[in-house]
Structures are given as C-alpha cells and as structure tokens.
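Peer 1:
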Amino acid sequence: TGRLADLEEFVSGPNHADIQKIGDRCFTDKMYEAAKLLYNNVSNFARLAITLVHLKEFQGAVDGARKANS
383 TGRLADLEEF VSGPNHADIQ KIGDRCFTDK MYEAAKLLYN NVSNFARLAI
433 TLVHLKEFQG AVDGARKANS
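Quick note: the sequence shown uses the numbering used here, first residue 383, plus one each step.
1) How would you label L437, buried or exposed, when you count the other beta carbons within 10 angstroms and need 16 or more for buried?
2) Excluding the five sequence neighbours on either side, which residues of its own chain have a C-beta within less than 7 angstroms of the C-beta of A431, listed in chain order?
3) Excluding the five sequence neighbours on either side, which residues of its own chain have a C-beta within less than 7 angstroms of the C-beta of L420, listed in chain order?
4) Between which two residues does the alpha helix (DSSP H) carrying V424 extend?
5) Where N423 and G395 are concerned, what is the direct C-alpha to C-alpha distance, given to the nearest angstrom?
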C-alpha cells in the first residue's frame, strides 16, 4: 500500500510488462488503488469503473463507465 509512488514511476517508465495483467492481479488481491493506477494507464475504463466502485469513488466510476461505452 505504501508503494504506489514506486508503481507510478514503474508504469511511466519504459517497460515491457503486461500492465493489464498486473492490474487484474492487483484487483483480484483487493489492491484497488494499485489496480486503479494500472487500469488508468492502459485506458481500460470498464475495469477502472468497477475498481472505483470498490474504492467508493462513485462519480469517477460513472465517468469511467461512460468512457467504456463510447
């Protein structure tokens, strides 16, 4: 939980990681803040919306769902 800054640095740098897969694993492990950052990075708005519901960020979830449907 205290390593979100490291995660942000990781996804912003050049890497070959499968960020979607890592986001899914974080989501499964209930690491929703990390999943939020990763799904946002790969523009997976459907998964981001679900993650934001778990974080009780309901307006963001609605916005993400709208983007997923467009």
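Yeah, the Cβ is synthetic: ideal placement off N, Cα and C, and Gly gets one too.
All of these numbers come straight from a predicted model, not from anything done at the bench.
Peer 2: The short version:
1) As a position in the sequence shown, residue 437 is number 55, starting the count at 1. With fewer than 16 Cβ atoms within 10 Å of its Cβ, L437 is classed as exposed.
2) Here residue 431 corresponds to residue number 49 of the sequence shown, with the count starting at 1. So the list reads A443, G446, A447 and A450, once near-sequence residues are dropped.
3) Here residue 420 corresponds to residue number 38 of the sequence shown, with the count starting at 1. Within the same chain, L420 has close Cβ partners V393, I401, I404, G405 and C408.
4) For this step, residue 424 is matched to residue 42 along the sequence shown. Where V424 is concerned, there is no enclosing alpha helix (DSSP H), given that its DSSP letter is neither H nor E.
5) By one-based count along the sequence shown, residue 423 stands at place 41. By one-based count along the sequence shown, residue 395 stands at place 13. Approximately 12 angstroms, taken between the alpha carbons.
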